[in-house]
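What follows is a short report on a single structure.
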Amino acid sequence: MKLTRREWMAAGLSVTAPQTGLRHLLPAATHNRFLIKASYYAPPRKTPELRVNNRRITAQRTDTEGLFWLFDVPGLQAQTVYNLRLDGSDPWPLKTFAPPDAAVDNFRLLIYTCAGGHDAQPIEDSNIPYWVSIPARRRLFERALREKPDAMIAIGDHVYWDLRFGRGTGRLPIGQQAWARKLMGGDFNRDIPVLGTTNEPILKHAVDRQIADLYGTLFRSTPVHFIQDDHDYFENDEAIATGISFPPDDFMTRLARATQHLYFPEHLPNADRPIGLPGASAADRAAGLSECYGTLRVGNLAELLLYDCRRFQTLRGPHARLVPDNVENWLNGRMKSSPARHVVNVPSMPVGWSAGKWGEWYPDVLDDNGKLGVAKPKYFWQQGWRSQHDRLLTAASESDRLAVFLSGDLHALAHGAIAMGRGRNPVHSVLTGPISTGPRGWPSAARGTPPLIATGLEVKETLAPLENNGFTLIDFTRDKMEFRQYAWKLGRAEDEIDSLNPIHRFTLAR
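With the sequence shown counted from 1, adding 213 to any position gets you the working numbering.
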């Protein structure tokens, strides 16, 4: 699909530029390396070359057609602003982070969830679009970027294109609907690879609009971190009598890997994260990259632990896990021994609240009277998931730091403090806000209940879950974190986005 005039201008591109130009660019950074994913509207005449100050970095092709490329830039100086220039374009700045042992006094983070959704999805039986429009989502990004965050984290659901499971709504999953099949120009063949086969153009038709056209080059100077969640595996997490969607089968994993490989950076290496964690150091990826577990490290100020709770989940009853044992050991070890002033957990699944989904930490489910709780067993839910949750929250609470979890997935903005027992720190949980959700995607509509405090938890809410679109900005300083949460909702005037002010502020202090 073509970008609108406003989208071209927002992306910093000439309105009259031919669509053979750059389509999107998303960078990752550490203190000594950049990893940049980019795509074009048409294959460049020659292999793209990125200038990083006086260095020339030759692109590596990641697709068959030559539309998608990555630039891997090692050996950089810490805390340095580099001027980047691509194929004769105007230069733009990108800065490396401080090294892990450096004193850093402040850091600003933008974080949100659920930015995916294809705006070609028809309205069907209402006058309200299924998703926030691409221009309105970009407007939310523009408003957030005006606050000059030092980095961004997008928590899951970058793609909505479910293929087999439909939440029991009676509707076909998105990827099986007539408009989607027409757009794809064919059906996925689950028995062959994704890239280099007839599956590749189908994947691009499904994802281009949701990621490449959504982000454009807006984040070219803001390091990004993407965590994948259930819909990024092209399914909703669901357990019903006719089947269970997770853990992902081989084709679901190949779709998620291909999406990441083409569109957004993997997690760059960190000296304190084992190189042998699942999904790390794959032979078909650049050196040292991790697909599921990442670290955002800002000197000795902050260490954010990023983890996908879907790819390696298990179904072993009391011994089930949402992350493998060695990942849990890594998380616990960093919460205990990191020299950073703040250590923050960023799981793909929400902590503190439930909407009765199958793949949650919690056993809550709607009963026959429409009440959320545990009176009715949740089909195929695993007790080991809650046990792992309890261990992780206990480890965070027992630290002498602030105990904070940032998460998405639940399509809401919220903050609450989870009581952890006498003498222990409360665990603060923040729902960071969804970008693209429309009225049918709110838990109260899709699940029949708004997000509620999970059974067995005592949570003091300063912001009860608010089913609005939005995002969260966090300012880290030596002794505190200051939070600003922004909200807007589809149906309100889009020009309101440009002047959004925080609807909720709070400070967590050591």
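All C-beta atoms, glycine included, are put in the ideal place defined by N, C-alpha and C.
Ends of the alpha helix (DSSP H) at F696?
Not the alpha helix (DSSP H): F696 falls in the beta strand (DSSP E), residues K693 to W701.
Report the residue ranges of all beta strand (DSSP E) runs contained in full by the region 496-554; include only those spanning at least 3 residues, in chain order.
Counting whole runs of 3 or more residues, the region 496-554 contains the beta strand (DSSP E) stretches 506-511 and 515-520.
Helix, strand or coil: how does DSSP classify Q473 here?
Reduced to three states, the DSSP call for Q473 is helix.
How far does the alpha helix (DSSP H) with I415 in it reach, from first residue to last?
First-last of the alpha helix (DSSP H) with I415: N412 to V420.
Do the region 570-579 and the region 653-666 touch if we need at least three Cβ pairs shorter than 8 Å?
Yes, the region 570-579 is in contact with the region 653-666.
Can you give the Cα-Cα distance for P406 and W374, rounded to whole angstroms?
Approximately 18 Å, taken between the alpha carbons.
Answer with buried or exposed for V735, where buried requires no fewer than 16 other C-beta atoms within 10 angstroms of its C-beta.
Because the chain is modelled from 214 through 723, residue 735 falls outside the range shown and cannot be assessed.
Going along the chain, which residues of its own chain have a beta-carbon closer than 8 Å to the beta-carbon of R274, five neighbours each way excluded?
Cβ neighbours of R274 beyond the five flanking positions: T260, F281 and W282.
Which stretch, first to last residue, makes up the beta strand (DSSP E) that contains S600?
Where S600 is concerned, there is no enclosing beta strand (DSSP E), although the alpha helix (DSSP H) it sits in stretches over Q596 to E611.
What did DSSP end up calling T173 once you bin it into helix, strand or coil?
Because residue 173 is not part of the residues shown, which for the chain are 214 to 723, the question remains open.
By DSSP, does F310 sit in helix, in strand, or in coil?
Correct three-state label for F310: coil.
Mapping the DSSP letters down to three states, classify D711 as helix, strand or coil.
Of the three classes helix, strand and coil, the one that applies to D711 here is helix, per DSSP.
Three-state secondary structure (DSSP) at L396?
Correct three-state label for L396: helix.
Quick one, which of P304, G597, D521 and A722 has its alpha-carbon nearest E479's?
When only C-alpha atoms are compared, the closest one is D521.
DSSP state of R268, grouped into three classes?
DSSP places R268 in strand when its eight states are reduced to three.
State yes or no: is the C-beta of H237 nearer than 7 Å to some heavy atom of the ligand NAP?
Of the ligands one can find in the structure shown there are none, so the ligand NAP has no counterpart to examine.
For the beta strand (DSSP E) containing S657, name the first residue and the last one.
Not the beta strand (DSSP E): S657 falls in the alpha helix (DSSP H), residues P656 to A659.
Where G409 and H532 are concerned, what is the direct C-alpha to C-alpha distance, given to the nearest angstrom?
Going by the C-alpha atoms only, they are around 39 Å apart.
Could you tell me which residues DSSP pairs with A242 in its beta bridges?
Partner(s): F247.
Here's the rule I'm using: 16 or more other beta-carbon atoms within 10 Å means buried, otherwise exposed. How should G330 be labelled?
Per the 10 Å Cβ criterion, buried.
What do you reckon, are the CB atoms on T508 and R486 nearer than 8 Å?
In this structure, R486 lies closer than 8 Å to T508 by Cβ.
Verify whether the separation of the beta carbon atoms of I336 and Y325 is less than 8 Å.
No; because the gap between Cβ atoms is not below 8 Å, this pair is not in contact.
To the nearest angstrom, how far is the alpha carbon of P362 from that of R470?
Those two C-alpha atoms are separated by around 28 Å.
Below 6 Å CB to CB, which residues in the same chain sit around T293 once its five sequence neighbours on both sides are set aside?
Closer than 6 Å at Cβ, skipping near neighbours: T309.
Could you have a look at G288 and say whether DSSP puts it in helix, strand or coil?
In the structure shown, G288 sits in coil (DSSP, three-state: anything other than H, G, I, E or B).
Beta-carbon within less than 8 Å of P639's beta-carbon, same chain only, minus the 5 sequence neighbours each way: which residues are those?
Counting only Cβ-Cβ distances below 8 Å, and skipping sequence neighbours, we find S610, A616, A630, I631, A632, M633 and K673.
When the Cα atoms are used, what is the spatial distance from D314 to T243?
Those two C-alpha atoms are separated by around 13 Å.
If we ignore side chains and look at the alpha-carbon of each, how far apart do I270 and P678 end up?
Going by the C-alpha atoms only, they are around 46 Å apart.
In the structure shown, what three-state DSSP assignment does F447 receive?
Note: F447 maps to coil in three-state DSSP.
Measuring CA to CA, which of L307, A367 and F284 is closest to G621?
Here the closest residue by C-alpha is A367.
Is the number of C-beta pairs between the region 529-549 and the region 452-465 that are closer than 8 Å three or more?
No: the two stretches stay apart, fewer than three of their Cβ pairs being nearer than 8 Å.
Within a Cβ cutoff of 7 Å, which residues of the same chain sit near S649, ignoring the five residues on either side of it in sequence?
C327, A328, G329, G330, W344, V345 and R350, listed in sequence order.
Within 10 angstroms of the Cβ of S550, are there 16 or more other Cβ atoms? Answer buried if so, exposed if not.
Classification for S550: exposed.
So, with DSSP's three-state summary, where would you put D276?
Note: D276 maps to coil in three-state DSSP.
Does DSSP classify D426 as helix, strand or coil?
If DSSP states are grouped into helix, strand and coil, D426 belongs with the helices.
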